[in-house]
Every structure is written in C-alpha cells, then in structure tokens.
Amino acid sequence: MFVLIVGSGRVGSAIAKQMLAEGHEVSVLDEDPEAIALLNRDQTETWEEIGGRFTVGTALEIDALLEAGIEQADAFVASTDGDNTNLVIAQIARRRFNVERVVVRVLDPYRAKWYAEQGLQTVCPTQTAIELLEAAVRGQIKFEGVAG
Amino acid sequence: MYVVIVGAGKVGWNLARELIQKNHEVTLVESDSQRYAVVEEELEHRVQYGDGTELWVLERAGIERADLVIAVTGDDEDNILISQVAREKYGVDRIVARCNNPRNLQHFELLGIKPAVSATDLILRLIEHEVPKYGLVHLLDLPQERLEIIELEVSQGAPGAGKKVRELGLPDGSLVISILRDGAGFVPAGESVVQAGDEVLVVLDVGLEARVTERFTGHSEAA
C-alpha cells in the first residue's frame, strides 16, 4: 500500500514511521523543511535511507501533492496542525484524486462529527481523550504504574 | 436582509459598513482580539469575537437565519470551510467567498463554492482590459450557463472590418451586444457597421471563441 501523509508533526511522523516499518510505501509532505527531523529522530538511519519519501510543500498546492505522489496513493492521512486545512485537503484527495482511503485528524469534536456525517473518515483526538478521561474517572480504566 | 460576515479585515469591515448603511442587519465575526477591539469601537454589538470556523461561533452569530454569508478571512481553507458548513449544514442560500490565492480557486470550484472572489484575479482582468493581449479580454464567464462575454478590438483588414453586423459571418451562438467607438458605446442593429479600431462586446457559447476572434482580428489565436 502507498500511504501519503500530509503534516509531519508528532502524529504524522509517528504514523509514517510505523507504516514504513510495516513494509508500506510512505511519502510525507510538510511545509517545513525541518519537519524531517521528527522522522529521523531515534533512528540509526535517516528517513530517506530507509526508503521513506519526504517532500517540502504546502498541502493546498496541487503541484506539491502531485510531487508527493498523491496519484499513486492508496491511503491519505491529513494530519497538519490545522483542522480546516485537513478537512479541505482530505476532500481534495477524495474528490479530485479519488484516493480510496482518506483519514482526517480533526481536533474540534463538533467539526469532526459533522464532517463524519458527510462521509469523511475523521479521527478526533479530543473526543478520544474525553472518552478515556471519563472512563478513568468512573474507574473503568485500571491505572498501572507511571504512564509513559 | 441578514448578513453574517466572517473576517473583519479591510474587506470585511468595509463590507459591513456599506451593508449597514444600506439598512441591512449585519454581524461581523473576528478571531483576532486586538482587531476585534478596534472594530468594536465603531460597530459595537454588530461585531463578535471568535473563530468563525467554530460551529458554535457561527451559531451565536445567527447563521441559521442568515440570508447571506460572506467568508472573507485571510485563509482560503477557512473561507472554504465556512462556506461549506454555511450552505450544507445551515442551509444558507447565498454565499460569497474570498479566494486569497488565485491558485486555490480550483479548490473552491471542486467543492462547489461560488461565487469565489479573487482580488488578484479581478486586478489581473483589469490589467488585461487596459493592456489587451491579442486584443481579446474575457469580461465575464458563466460556466454554469455555458456562456461567456468577450471584448475584442477590431483589427485593420480583419474580415469583419467595414461590414454590417448581419454580414459579419459570425457563427450561430454568438451575438454582438455592444460596439464601443470614440469613447462611447451603442447597442448595434443588423445594419450597424463595424469599423477597424472599434471595440466589440460579444456574447457567445463556450467553444466559439476562436471562430469569433477570427472575424475581428483575422487570426484565430485565443488569449
């Protein structure tokens, strides 16, 4: 599977490394040339040496998406730090490039919910945290020592 | 009419002023607290502080009863999102969006957001109007209606120069709607004569541009 990840912060870079380790083809797009540092972190070889792709560019620029390989992508992850950017590029990936699997990170639970109702596969870390914290408060999650 | 404007920059603030002056009810939404404070001194309760891409902020601004939503922030993705939820979630009929970077116009189109207004594009058209390349200017494109209006300068020696409008040999689906000569314009009849140096406005079906251009310039090169 070819995975294109837009936004190489903590979330995007972690998914990228994991997907590459699982044997997938992975391409990462970020507007910040320094963002590759997160991909190289804790690795003995650089991201590109182990076969990862990295493109510098803005997600809304079609040329950047093309250079990062969106036409070959089987899966697309929108994980920039902007909810609105993620929601717009996810729709571009789906409607313009017909990427089969499109996943969008949206921090605002309300926007995440509404766009999910419109058929976008949104993942809302805030909502997940709310549910986990509620469960923890109710004592439904067992606390085991120091959390990482 | 009730109008919600998101983004109190120069465009949003001035639009709000004009619309209020025309007796419309207006709510302006601004996410920058300093800018909000400045605008609030003049517009008072008609400006609200908040991120206009948050649904609750839009709801507080009364988007559900808005007749018109204008998205004029400095971020195209924000303007796209505001327009999309305004139309699809809140059922607003009329939406105007600002496109800051003309290269993003394609995204507005892809997601069905229209009209998207690009200042860069408008100024480019004005420049084209002043400095026409190949003597042809696109004045208006109506892609939905599959029509366009173009302006052409009639060249010396062109097939149409010196001919009556009805003898121009224009293809079906095109019509001369105005002739501009010596600083004045008129709506021509079939007997009106087109002269070299005239500027003609032609309304035409999409795809006829090359054939129309050829009648007035002698070459079919489209701009």
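As you go down the protein sequences, you meet chains P and S in turn.
Taken in order, the first sequence gives residues 3 to 150; the numbers are from our numbering.
Taken in order, the second sequence gives residues 3 to 225; the numbers are from our numbering.
All C-beta atoms, glycine included, are put in the ideal place defined by N, C-alpha and C.
Using a Cβ-Cβ cut-off of 8 Å, P/I72 is close to nothing in chain S; its nearest Cβ partner there is about 14 Å away.
Runs of beta strand (DSSP E) with 3 or more residues, each lying fully within the segment 29-109 of chain S, are found at 49-51, 70-73 and 96-100, listed in chain order. If you check each beta-carbon in the segment 92-107 of chain P against every beta-carbon of chain S, the ones closer than 7 Å belong to Q93, I94, R97 and R98. Look at the segment 50-76 of chain P: the residues with a C-beta under 8 Å from a C-beta of chain S are L62, E63 and I64.
Using a CB distance cut-off of 7 Å, S/E32 does not count as an interface residue toward chain P. When the alpha-carbon of S/W58 is set against those of P/R113, P/D32 and P/V106, the nearest one is in P/R113.
Secondary structure note for P/D83: it is in no beta strand (DSSP E), with a DSSP letter that is neither H nor E. For S/K91, at least one C-beta of chain P is nearer than 7 Å to its own C-beta.
Burial state of P/T87 is buried, judged by a 10 Å Cβ sphere holding 16 or more other Cβ atoms.
Taking 7 Å as the threshold, the shortest C-beta distance from S/N81 to chain P does not fall below it. Under a 10 Å Cβ-count criterion, P/M21 is classified as buried, with 16 or more other Cβ atoms of the shown protein chains found around its own Cβ. Closest by C-alpha distance to S/V71, out of S/I84, S/A163, S/V40 and S/L124, is S/I84. Going by DSSP, S/A186 is part of the beta strand (DSSP E) stretching over A186 to F188.
Under the DSSP definition of a beta bridge, S/L177 partners with S/V205. Note that the C-beta distance between S/V204 and S/I152 is below 7 Å. Put simply, the backbone Cα of P/A37 is about 6 Å away from that of P/S10. DSSP, read as helix, strand or coil, puts P/L31 in strand. Contacts with chain S at 7 Å (Cβ-Cβ) include P/Y112.
DSSP lists P/V106 as the bridge partner or partners of P/T124.
Identification of chain P residues near S/N106 by a Cβ-Cβ cut-off of 8 Å yields L62, ordered along the chain. Between S/V119 and S/R105 a beta carbon distance of about 15 Å is seen, past the 8 Å cut, so the two are scored as non-contacting.
When beta bridges are read from the DSSP output, P/F56 appears opposite P/V30. Contact annotation: in the segment 78-90 of chain P, residues whose CB is within less than 8 Å of a CB in chain S are G84, D85, N86, T87, L89 and V90. For S/L112, at least one C-beta of chain P is nearer than 7 Å to its own C-beta.
In the DSSP assignment, S/L17 falls outside any beta strand (DSSP E) and within the unbroken alpha helix (DSSP H) covering K12 to Q23. Look at S/T122: its C-beta is not under 7 Å from any C-beta on chain P. Residue pairing for S/A118: DSSP places it in a beta bridge opposite S/A99.
In the DSSP annotation of this structure, the continuous segment of the alpha helix (DSSP H) that includes S/F218 starts and ends at E211 to T219.
For S/R183, DSSP records a beta bridge to S/A186. In this structure, S/V49 lies near S/E42, with their beta-carbon atoms less than 7 Å apart. By the Cβ rule, the segment 180-191 of chain S does not count as touching the segment 211-219 of chain S, because fewer than three pairs are nearer than 8 Å. When CB distances to chain P are screened at a threshold of 8 Å, the residues of the segment 56-68 of chain S falling below it are E56, L57 and W58, in chain order. A distance below 7 Å separates the beta carbons of P/V8 and P/A80. According to DSSP, S/Y4 shares a beta bridge with S/E27.
Between P/E27 and the set P/R43, P/Q45, P/E50 and P/L134, the nearest pair of CA atoms involves P/E50.
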